[in-house]
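Enquirer:
Residue numbers (this note's numbering): 22 to 332.
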């Protein structure tokens with residue numbers, strides 16, 4: 022993460038099981054970033070342009086992620102990677118999702134089975150964060166968690182993309198590699214600035230320096246995962262936000278009775294879907310858009326993918 026939290030923040034011990042991790046993630050869902058930051062003892066920056074990784078690091082701290090090897094999953098003992106993903110009210114991710122740095126100089130020595138990408142994406146705890154341009158960082162809302170393990174088709178896609186990218190690195194064309202390569206996984210520049218360089222090899226196999234790069238999941242891939250997890254319309258059919266009703270409070274944003282937000286200040290479509298249990302999740306797009314009436318506040322619940330991570 023790019024933002025360094027202070028050393029004297031409240032320490033949360035690492036969870037001892039996946040079930041414990043999910044309980045913690047459910048406990049912070051529906052809460053604002055400001056509320057979670059208060060719990061761990063830090064202030065929320067007014068502008069995240071210089072603190073892009075703040076919310077992700079805040080959620081890590083709140084869930085008890087230990088500091089460790091950047092190439093291993095965040096909860097290495099559980100085999101679970103944590104990914105906070107900023108999303109719009111229609112469920113569309115704001116950006117592609119960072120996975121891990123790419124090693125550009127030793128492509129010939131790497132295999133999919135032992136790669137950091139595979140380790141990071143074998144089991145992921147997704148935590149959506151409702152993010153709109155008009156909403157300050159402190160008022161953004163943490164969504165319900167989703168524990169995901171790739172199914173056979175998703176694994177095959179990720180592995181194929183990884184091999185395509187690594188083959189191009191092996192040819193010594195790191196600086197020429199386009200982010201358009203890969204259906205789910207892509208390689209993009211990653212560094213504190215465009216001038217940051219990393220060890221690589223040229224076309225003749227000689228050591229050289231190339232622009233630092235990292236692996237990312239495409240926003241379209243993440244969008245499909247969230248659509249399936251929360252019963253949203255498909256990636257090509259976003260759910261429109263409902264009309265605002267002034268002066269009323271959306272319970273999915275204020276389920277703990279703290280810092281309520283009026284409906285006209287925050288969109289509801291995705292938050293309502295993320296805060297509902299599968300049994301109460303509406304089947305139609307119209308029902309989804311109108312979910313979360315003040316008369317019956319929904320309860321947050323973790324979603325678990327088809328192949329849960331067993332620990």
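For glycine and all other residues, C-beta sits at the position ideal for the given N, C-alpha and C.
Remember, predicted model here, so these are calculated numbers, not experimental data.
#1: Taking only three categories from DSSP, how would you classify residue 33?
#2: Under a three-way DSSP split, which group does residue 145 fall into?
#3: Would residue 377 pass as a contact of residue 139 if the rule is Cβ separation under 8 angstroms?
#4: Are the CB atoms of residue 84 and residue 45 nearer to each other than 8 angstroms?
#5: Rounded to whole angstroms, how far is the Cβ of residue 160 from the Cβ of residue 53, which I believe are closer than 8 angstroms?
#6: Would you call the stretch 152–169 and the stretch 64–74 touching, i.e. three or more CB-CB distances under 8 angstroms?
#7: Can you list, in chain order, the residues of its chain with a C-beta nearer than 7 angstroms to that of residue 243? Leave out the 5 residues immediately preceding and following it.
#8: For the beta strand (DSSP E) containing residue 235, name the first residue and the last one.
#9: For residue 194, which three-state DSSP category applies?
#10: Which residue spans inside the stretch 122–173 form an unbroken beta strand (DSSP E) run of at least 3?
#11: Measure the alpha-carbon distance for residue 61 versus residue 81 and round it to whole angstroms.
#12: Considering only residues of the same chain and omitting the five flanking positions on each side of residue 128, which have a CB-CB separation below 6 angstroms?
#13: When the Cα atoms are used, what is the spatial distance from residue 152 to residue 228?
Expert: To lay it out plainly:
#1: Counted from its first residue, the chain shown places residue 33 at position 12. Residue 33: coil per DSSP, three-state reduction.
#2: Position 124 of the chain shown, counting from 1, holds the residue named residue 145. DSSP places residue 145 in strand when its eight states are reduced to three.
#3: With the chain covering only 22 through 332, there is no way to say anything about residue 377.
#4: As a position in the chain shown, residue 84 is number 63, starting the count at 1. As a position in the chain shown, residue 45 is number 24, starting the count at 1. Result yes, Cβ atoms of residue 84 and residue 45 sit closer than 8 angstroms.
#5: Here residue 160 refers to the residue found at position 139 when the chain shown is read from its first residue. Here residue 53 refers to the residue found at position 32 when the chain shown is read from its first residue. Contact annotation, residue 160 with residue 53: C-beta distance approximately 6 angstroms; criterion of less than 8 angstroms satisfied.
#6: Result yes; three or more Cβ-Cβ pairs closer than 8 angstroms.
#7: As a working note, residue 243 is residue 222 in the chain shown. 106, 114 and 118, listed in sequence order.
#8: The residue you call residue 235 lines up with position 214 of the chain shown. Boundaries of the beta strand (DSSP E) around residue 235: 234–238.
#9: As a first step, residue 194 must be located in the chain shown, where it is residue number 173. Reduced to three states, the DSSP call for residue 194 is coil.
#10: Taking only runs of at least 3 residues, the beta strand (DSSP E) segments lying wholly in the stretch 122–173 are 145–151 and 167–169.
#11: Here residue 61 refers to the residue found at position 40 when the chain shown is read from its first residue. Here residue 81 refers to the residue found at position 60 when the chain shown is read from its first residue. Those two C-alpha atoms are separated by around 11 angstroms.
#12: As a first step, residue 128 must be located in the chain shown, where it is residue number 107. Once the five neighbours on either side are set aside, the close Cβ partners of residue 128 are 187, 190 and 191.
#13: In the chain shown, the residue the question calls residue 152 occupies position 131. In the chain shown, the residue the question calls residue 228 occupies position 207. About 42 angstroms.
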